[in-house]
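J.: Those protein sequence lines, which keep their order, are chains A and B.
Start counting the first sequence at 2; every next residue gets the next number (my numbering).
Start counting the second sequence at 156; every next residue gets the next number (my numbering).
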Amino acid sequence: MAGPTSLRRRIGLIVNPIAGMGGKVGLRGTDGDELQRRARELGATEMAAERAGVALDRLRGQGFTLTVAGGAMGEKVAREHGFETEVTGRFGCHTSPDDTRDAALAMADSGVELIMFAGGDGTARVIRESIGRRIPVVGIPTGVKMHSGCFARSPAAAADVVAEYLGHDPGSVRLDEAEVVDRDADDPKATTTLYGTVSVPEARSRLLAAKSRSSGRDAAAMRGACLEVVEEMVPGDTYVIGPGSTMGWVRRHLGFQSDPLAIDVVRDRELIAGDVTEAELDELTAEAGRVHLVMGVIGGQGSLLGRGNQQIGPKTLERVDPGDLIVVADLQKLIELGSSPLTVDTGDTDIDRRFTGYRPVRIGRKESLIYEVAA
Amino acid sequence: MSGLRRYHAPVWDEPVVMEMGSPGRRGFIPPAAGDADTAGFVPDSMKRGERAGLPELSEAEVQRHYIHLAQETLGMMGVNLFGTCTIKYSPLLGERISADHIAELHPGQDPETIQGVLAVLHGMSEILCELSGMDQFVFQAGGGADAAYVNAVTTRAYHADRGELEQRNEIITTIQTHPCNAATAAAAGFKVVTLMLGEDGYPPLEALEAAVSERTAGMMIGNPDDMGIYNPEIKQWVDLVHEAGGLCFYDHANFNGAMSKLRARELGFDACMFMLHKTFAAPFGGGGPAVGAYGCSSELEPYMPRPLVREQGGSYSLEDVDEAPKSVGRVREYWGNVPQIVKAYSWVRSMGAEGIRFASDMSVLANNYMEKRLLEIPGLSISHPDIKSRRLEMTRYSLGKLQEDTGVTVFDVQNRMVDFGVDAPWLSHEPWLVPEPITPEAGETWPIEDLDYWIDVLAQVCREAYEDPEIVKTAPHNQAIGPVDGSRLDEPDQWATTWRAYKRKHGDRPKGRTSP
Chain A
2 MAGPTSLRRR IGLIVNPIAG MGGKVGLRGT DGDELQRRAR ELGATEMAAE
52 RAGVALDRLR GQGFTLTVAG GAMGEKVARE HGFETEVTGR FGCHTSPDDT
102 RDAALAMADS GVELIMFAGG DGTARVIRES IGRRIPVVGI PTGVKMHSGC
152 FARSPAAAAD VVAEYLGHDP GSVRLDEAEV VDRDADDPKA TTTLYGTVSV
202 PEARSRLLAA KSRSSGRDAA AMRGACLEVV EEMVPGDTYV IGPGSTMGWV
252 RRHLGFQSDP LAIDVVRDRE LIAGDVTEAE LDELTAEAGR VHLVMGVIGG
302 QGSLLGRGNQ QIGPKTLERV DPGDLIVVAD LQKLIELGSS PLTVDTGDTD
352 IDRRFTGYRP VRIGRKESLI YEVAA
Chain B
156 MSGLRRYHAP VWDEPVVMEM GSPGRRGFIP PAAGDADTAG FVPDSMKRGE
206 RAGLPELSEA EVQRHYIHLA QETLGMMGVN LFGTCTIKYS PLLGERISAD
256 HIAELHPGQD PETIQGVLAV LHGMSEILCE LSGMDQFVFQ AGGGADAAYV
306 NAVTTRAYHA DRGELEQRNE IITTIQTHPC NAATAAAAGF KVVTLMLGED
356 GYPPLEALEA AVSERTAGMM IGNPDDMGIY NPEIKQWVDL VHEAGGLCFY
406 DHANFNGAMS KLRARELGFD ACMFMLHKTF AAPFGGGGPA VGAYGCSSEL
456 EPYMPRPLVR EQGGSYSLED VDEAPKSVGR VREYWGNVPQ IVKAYSWVRS
506 MGAEGIRFAS DMSVLANNYM EKRLLEIPGL SISHPDIKSR RLEMTRYSLG
556 KLQEDTGVTV FDVQNRMVDF GVDAPWLSHE PWLVPEPITP EAGETWPIED
606 LDYWIDVLAQ VCREAYEDPE IVKTAPHNQA IGPVDGSRLD EPDQWATTWR
656 AYKRKHGDRP KGRTSP
């Protein structure tokens, strides 16, 4: 008879022990050795393990096997909170992104179903690089920067997402794509960059903000809204398609796919230039007639222009009538902004001003929401 | 839990009626047709090839079965403060009047023989015109959403008649207006433009200014909204939409708090809708067929559905579709759910103008009384806490803090409240704008003891959430059924709403034992 452990569900935990240390001492992140050292000098304490502990306490008695990264990256906090664990790898107190990368990969390879991680955008980025969308992840918010879509609202909420996941049969939980975004912690003027997507359980009731139990609505609405955009494309006009997972629907309806970070140019429903640079785009739009921008909303900050899509520079933007800026965004994503406006921040205040005000955002086929855009 | 009542619902392992009974068992055997010549009475094309697969039970078994089912409904007969629904007690007098006087009428009768019921319909229209300032009402719609649909198609007919329909293809609504407005506008072919709330709890005027254009066909809006917040700029809103050439529709879903205090027409609206099964005390939802009373200005009257009851010299007649070439026609058979109209008429006549005003005041007072006590419950907060003005007849609260602190969700709270013999509270329409929303509405029906009991139950459940969350998460415990896993409710392979579909999806299952 096989031991009961072979039937138990396996959940992974990776703690980035230095995540979030910068926040309380006024740093914007702890990416890299230099920032870590400065954070410690400024008296920062490690809080990731503590927050992971809150989540673990809430998961006690759920009857799963916890697979942890070694040492300060999960093993220690799991022991302290009374969890029997499986350990992958041994890590000391000075950890690096490589350790996170290796741990995530080892977990995915060994059949862990879902990885919880305590960290920030930087940690999410590393995990995405490591395992992509192979298995779902749930972020315990710990870092200074948490603009990626894979974070729960709180450690307790992260535990609730995992508990909800465990309440269903393996494989029967619907998965969503969540964008991973990050910005350079050392530069106060840094812009947010989209790095790709990870897989998250669709039980998003506690991911980020309020989310009701309706399921499947979001994807269908975005698919429909993007189909309408494609149907309405005017022959001869030029359409600049922005980055992000929502814009993936526009591309799929047009019959091509590209990297989630790319900016593509379309005319007569044909791709005329893929993954363009700012210079290429300026050149293309200079020769074009009417230019439309089709954009999603990047990350949890409501960034519309100037973050993650810097290829769309001032020269191109000058040629776009603000009425030809088509924005497609999930209604829930807008609600989660908590009434704060969408932002344009291109570095040129005159251009920014042209695109501000109350503007329609397409939230479904034949459905739009009037939402404020501010510079 | 000293003050709370001890309660347990009956528990039955009741089979589906198709699994009960025995072949050949009958409750009632009608006399045979005898020698009557029935040949050709039913066209061959409509005749069944084989006998219908009906349940075969005695009358007593049928009665017992449905009594058991009625005992398993988890409420709707308890203290029910189901927000946005204006639950009221429906007086038995109305039931008696409609049973004794309406059940045997047929709308196909000669109008000369049904002057009384036509007088009631006409009278009800007059009363609603008085309450709204509109010029004519029609009762065909079978519910609130149906009445919203009537508005969408009436708006469509109005613009089509003026040759502007192609250009005017957008309906404006707000995110806290009942979603049936957006849905019915879309069903009628319009694009929907929704306004997000601003910091005052209603959308800013600038958002509406950005939304109106030469494409605007109309605006469909509720006020106060489902958070109980009244938009004081509503007259400017109507003016803006009118200036753009659109029509304005007032969804009076939340009329209780505004009843007798304002008239839609005086605010400039072109049309409005009342739900007779809510504000006017006809039975609600599953408790009885509904009526969405749609009223409009004389300018829109040519386009509204027919038939309408007309009065001339004390005599009532029906103006049908063929007499109104611009009318959208019928949206339903005959004149609507007449027994419900009679119940609503009997209620509003017994209330009178003074009673209506008093009921409205009571509903606002009761809600604000509840607010005072509810905000003392740890874990519960009010939506838009920074707004200083008082809510009208209902208030949206959030149990987000409770969920954050304890892991107990608002669904768990719903499930636990029914253990104490009150009905599950309403949460919020989609989308949720506050986490873990809950929206009680006191109305004027419930005595203060009932309101206090309901608050005591919620306070007890929130206390349990902090002290022993498992008892809330695994609720209900004292009900007809335990908790239901709703996670796969939208999977078509799993669920069937008819016996035929059930057999198709799951195969025949052996006939179970019959009921005890």
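Where is the CB? At the ideal position from N, CA and C, for every residue including glycine.
1) Got a sec? Which residues, its chain only, sit under 7 Å from A/Asp219 by beta carbon, not counting five neighbours each side?
2) Residues of chain A with CB under 7 Å from B/Leu350, in chain order?
3) Any beta-carbon of chain B closer than 8 Å to the one on A/Pro361?
4) With distances taken Cα to Cα, identify the nearest neighbour of B/Ala312 among B/Leu644, B/Gln495 and B/Lys481.
5) So which residues on chain A does B/Lys346 lean against when the C-beta distance must stay under 8 Å?
6) Starting from the Cα of B/His223, find the closest Cα among B/Glu526, B/Ile636 and B/Glu599 and give me that residue.
7) Give me the subset of the stretch 347–379 of chain B whose CB atoms are less than 9 Å from a CB atom of chain A, sorted by chain position.
8) Which partner residues of A/Tyr372 appear in the DSSP bridge assignment?
9) Going straight from the alpha carbon of B/Gln558 to that of B/Met525, what length do you get?
10) Hey, which unbroken runs of the alpha helix (DSSP H) at 4 residues or more fall wholly within the stretch 220–280 of chain A?
11) Is there a Cβ from chain B that is less than 8 Å from the Cβ of A/Leu176?
12) Since B/Met525 is in the alpha helix (DSSP H), which residue starts that stretch and which ends it?
13) Could you give the first and the last residue of the continuous alpha helix (DSSP H) run that contains B/Ser280?
14) State buried or exposed for B/Ile327, treating a residue as buried only when at least 16 other CB atoms are found within 10 Å of its CB.
15) Use the C-beta contact count for A/Ala287: other C-beta atoms within 10 angstroms, 16 or more gives buried, fewer gives exposed.
16) Keeping to the same chain, check which residues put their C-beta closer than 7 Å to that of A/Ile132; ignore five residues upstream and five downstream.
17) Here's a check: name, in chain order, each residue in its chain whose Cβ is nearer than 8 Å to the Cβ of B/Val367, leaving out the five neighbours to either side.
18) Excluding sequence positions up to five away, which residues of its chain have a Cβ less than 7 Å from the Cβ of A/Arg207?
19) Could you pull the start and end residues of the alpha helix (DSSP H) that A/Leu332 belongs to?
20) List the residues of chain A that B/Ala307 touches, going by C-beta distances under 8 Å, in chain order.
21) Looking at chain A, which residues of the stretch 459–472 of chain B have a Cβ within less than 8 Å of any of its Cβ atoms?
22) Check the Cβ-Cβ distances between A/Met2 and every residue of chain B, and say whether any is below 8 Å.
23) Quick one: is A/Leu332 near chain B, going by C-beta distance under 8 Å?
24) Give the secondary structure of A/Thr344 by DSSP, where H, G and I count as helix, E and B as strand, and everything else as coil.
25) Grouping DSSP H, G and I as helix and E and B as strand, with all else coil, what is A/Ile19?
26) Give the straight-line distance between the Cα atoms of A/Arg59 and B/Asp623, rounded to the nearest whole angstrom.
27) In three-state DSSP terms, what is B/Ile610?
28) According to DSSP, simplified to helix, strand and coil, what is A/Asp349?
29) Name the chain B residues whose beta carbon is nearer than 9 Å to that of A/Ser383?
30) Looking at the structure shown, is B/Leu320 part of a helix, part of a strand, or coil, going by DSSP?
31) Given this structure, state the Cα-to-Cα distance separating A/Gly303 from B/Glu325, to the nearest angstrom.
32) How far does the beta strand (DSSP E) with B/Asp192 in it reach, from first residue to last?
33) Helix, strand or coil: how does DSSP classify B/Gln226 here?
34) Given this structure, state the Cα-to-Cα distance separating A/Gly172 from A/Gly290, to the nearest angstrom.
35) Nearest-angstrom Cα distance between A/Arg252 and A/Ile136?
36) Find the residues of chain B that neighbour A/Arg355, judging by a C-beta separation of less than 9 Å, and give them in chain order.
T.: Reading from the atomic positions:
1) Asp331 and Gln333
2) Ile371
3) yes
4) In terms of CA proximity to B/Ala312, B/Lys481 leads the group B/Leu644, B/Gln495 and B/Lys481.
5) Identification of chain A residues near B/Lys346 by a Cβ-Cβ cut-off of 8 Å yields Lys367, Glu368 and Ser369, ordered along the chain.
6) B/Ile636
7) Val347, Val348, Thr349, Leu350, Met351, Leu352, Gly353, Glu354, Pro358, Pro359, Glu361, Ala362, Leu363, Glu364, Ala365 and Ala366
8) A/Arg360
9) Our two residues, B/Gln558 and B/Met525, have alpha carbons roughly 21 Å apart in a direct line.
10) Within the stretch 220–280 of chain A, the complete alpha helix (DSSP H) runs of at least 4 residues are 248–255.
11) Taking 8 Å as the CB threshold, A/Leu176 stays off the interface with chain B.
12) Val493 to Leu529
13) Gln270 to Ser287
14) buried
15) exposed
16) Residues Ala105, Leu106 and Ala109 of the same chain have their beta carbon placed closer than 7 Å to that of A/Ile132, with the five preceding and five following residues left out of the count.
17) Ile327, Leu395, Val396, Glu398, Ala399 and Gly401
18) Residue confidence for A/Arg207 is low, a pLDDT of 44 falling below 50, so the modelled location carries little weight; the figure read from the coordinates is stated next. For A/Arg207, where only same-chain residues beyond five positions count, the Cβ hits under 7 Å are Ala153, Arg154, Ala158, Asp161 and Val162.
19) Leu332 to Glu337
20) By Cβ distance, chain A contributes nothing, its closest Cβ being about 13 Å from B/Ala307, past 8 Å.
21) none
22) Here the model assigns A/Met2 a pLDDT of 38, short of 50, so the residue's position is not dependable and the matter cannot be decided.
23) yes
24) Strand at A/Thr344.
25) Here A/Ile19 sits in coil by DSSP.
26) Going by the C-alpha atoms only, they are around 13 Å apart.
27) helix
28) coil
29) Because chain A in this structure spans residues 2 to 376, residue 383 of chain A falls outside the shown range and cannot be described.
30) DSSP places B/Leu320 in coil when its eight states are reduced to three.
31) If you draw a straight line from the Cα of A/Gly303 to the Cα of B/Glu325, it comes to about 26 Å.
32) B/Asp192 -> no beta strand (DSSP E), and no H or E assigned at all.
33) helix
34) 49 Å
35) 25 Å
36) Residues of chain B passing the Cβ test: none, with the nearest at roughly 15 Å.
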